[in-house]
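For the sequence shown, position 139 (counting from the first letter as 1) is numbered 262 according to the numbering used here, and the numbering increases by one without interruption.
Glycine included, each C-beta is placed from N, C-alpha and C at the ideal position.
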Amino acid sequence: MPLININKVDIYYEVHGEGKPLILMHHGMGSSKMWKKLLPGFLDRYKVILYDCRGFGQSDKGENFRDYYRSKEYIPNSVRKLSILLERLDVKDSVYILGQCEAGVTGFHYAAENSDRVKAIAISSTMCCGKTGTSQLPQPSGSKKRPSFHDAEPEFKKKLINWHGETYAPEFFSLFMEGGGAYGSGSESFDLRDTLEKVQCPALVLYPDRSSLFDVEQAVLMYRSLPAGELAVLPYCGHNTYEHQPEEYQRIILSFFARHS
Numbered sequence: 124m125p126l127i128n129i130n131k132v133d134i135y136y137e138v139h140g141e142g143k144p145l146i147l148m149h150h151g152m153g154s155s156k157m158w159k160k161l162l163p164g165f166l167d168r169y170k171v172i173l174y175d176c177r178g179f180g181q182s183d184k185g186e187n188f189r190d191y192y193r194s195k196e197y198i199p200n201s202v203r204k205l206s207i208l209l210e211r212l213d214v215k216d217s218v219y220i221l222g223q224c225e226a227g228v229t230g231f232h233y234a235a236e237n238s239d240r241v242k243a244i245a246i247s248s249t250m251c252c253g254k255t256g257t258s259q260l261p262q263p264s265g266s267k268k269r270p271s272f273h274d275a276e277p278e279f280k281k282k283l284i285n286w287h288g289e290t291y292a293p294e295f296f297s298l299f300m301e302g303g304g305a306y307g308s309g310s311e312s313f314d315l316r317d318t319l320e321k322v323q324c325p326a327l328v329l330y331p332d333r334s335s336l337f338d339v340e341q342a343v344l345m346y347r348s349l350p351a352g353e354l355a356v357l358p359y360c361g362h363n364t365y366e367h368q369p370e371e372y373q374r375i376i377l378s379f380f381a382r383h384s
């Protein structure tokens with residue numbers, strides 16, 4: 124199993140294909156396995172690099188992961204880990220980045236801090252600003268308590284087990300429901316706009332019009348904050364754009380990257 128030790132934490136990664144480097148970054152409940160069905164469609168043009176963030180998928184949690192996950196150090200540390208990963212993999216060319224939902228936050232921060240290293244970035248279903256936390260998540264009908272892994276839909280539980288393993292999936296779900304990660308614990312308002320203004324590379328905002336989490340207005344706010352932004356909206360599409368409309372999702376992203384090759 125390919126692992127790179129970064130600051131005493133083993134990070135799982137994969138490298139596939141040849142060409143310009145494309146980094147696929149998983150969302151806040153997933154792992155690199157979420158890209159499995161779309162991966163072949165990227166390999167004709169790109170060398171694809173996937174990895175699991177600390178505490179996700181096949182990467183180690185490290186010490187005090189719960190505190191780390193809920194801390195303000197989560198984003199800057201995630202950006203540093205991406206920088207170190209690319210350095211260790213000897214990636215010298217400027218990269219393309221694709222981030223789904225929460226990964227877009229890390230991706231934009233990386234692009235803002237490394238303008239000479241990013242050719243173009245595409246994100247989908249990422250929040251721009253507002254109040255975060257588990258209050259945004261759909262609750263079981265009539266329930267007043269925080270949902271447990273047991274309450275989750277069978278198909279969703281199956282995904283979590285695939286992404287994180289049968290043993291860790293319930294623990295991970297519980298941690299996620301407490302709040303944390305790139306969007307924060309929900310104790311403060313989240314606002315990405317100052318960071319977006321510093322992103323100099325071409326940036327695609329790809330959004331669904333029927334997300335259960337974020338209104339499509341979030342996409343417009345994000346697009347207007349980007350110096351070189353482009354906006355695309357997927358009609359009749361739910362939050363997980365890569366699952367709900369995979370062919371159109373990939374077509375739009377490949378077309379965007381090709382325009383900025």
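Cβ separation of Ser248 and Phe337, assumed to be a contact under 8 Å, to the nearest whole Å: Taking the first residue of the sequence shown as position 1, residue 248 is located at position 125. Taking the first residue of the sequence shown as position 1, residue 337 is located at position 214. The Cβ separation is near 7 Å, so the contact holds.
Reduced DSSP category for Ala243 - H, G, I as helix; E, B as strand; rest coil: Walking along the sequence shown from the start, residue 243 turns up at place 120. Ala243 falls in the strand class under three-state DSSP.
For Pro144, the residue or residues it bridges with in DSSP: Here residue 144 refers to the residue found at position 21 of the sequence shown. Answer is Lys170, bridged to Pro144.
Length-filtered (4 minimum) alpha helix (DSSP H) runs lying within the stretch 193-224: 197-211
Cβ-Cβ distance between Tyr219 and Tyr291 below 8 Å: Taking the first residue of the sequence shown as position 1, residue 219 is located at position 96. Taking the first residue of the sequence shown as position 1, residue 291 is located at position 168. Cβ atoms of Tyr219 and Tyr291: not closer than 8 Å.
Buried or exposed (CB count within 10 angstroms, at least 16 for buried), Arg177: Taking the first residue of the sequence shown as position 1, residue 177 is located at position 54. Counting Cβ neighbours within 10 Å, Arg177 comes out buried, since at least 16 surround it.
Residue range of the unbroken alpha helix (DSSP H) whose run includes Ala305: The count along the sequence shown starts at 1 and reaches residue 305 at position 182. Premise fails: Ala305 is in no alpha helix (DSSP H) and is neither H nor E.
Which listed residue (Asp317, Lys143, Tyr197, Arg211) has its alpha carbon closest to that of Tyr135: Residue numbering aside, residue 135 sits at position 12 when the sequence shown is read from its first letter. Out of Asp317, Lys143, Tyr197, Arg211, Arg211 has the C-alpha closest to the C-alpha of Tyr135.
For Asp133, the three-state DSSP class (helix, strand or coil): Reading the sequence shown from its first residue, position 10 is the one you call residue 133. Asp133: strand per DSSP, three-state reduction.
Beta-bridge pairing of Ser312 - partner residues as DSSP gives them: Translated into positions along the sequence shown, residue 312 becomes position 189. Lys254, per the DSSP bridge assignment.
Which of helix, strand or coil DSSP assigns to His139: To locate residue 139, count along the sequence shown from 1; it is residue 16. His139: strand per DSSP, three-state reduction.
Rounded C-alpha distance that separates Gly352 from Cys224: Taking the first residue of the sequence shown as position 1, residue 352 is located at position 229. Taking the first residue of the sequence shown as position 1, residue 224 is located at position 101. Computed Cα separation, rounded: 17 Å.
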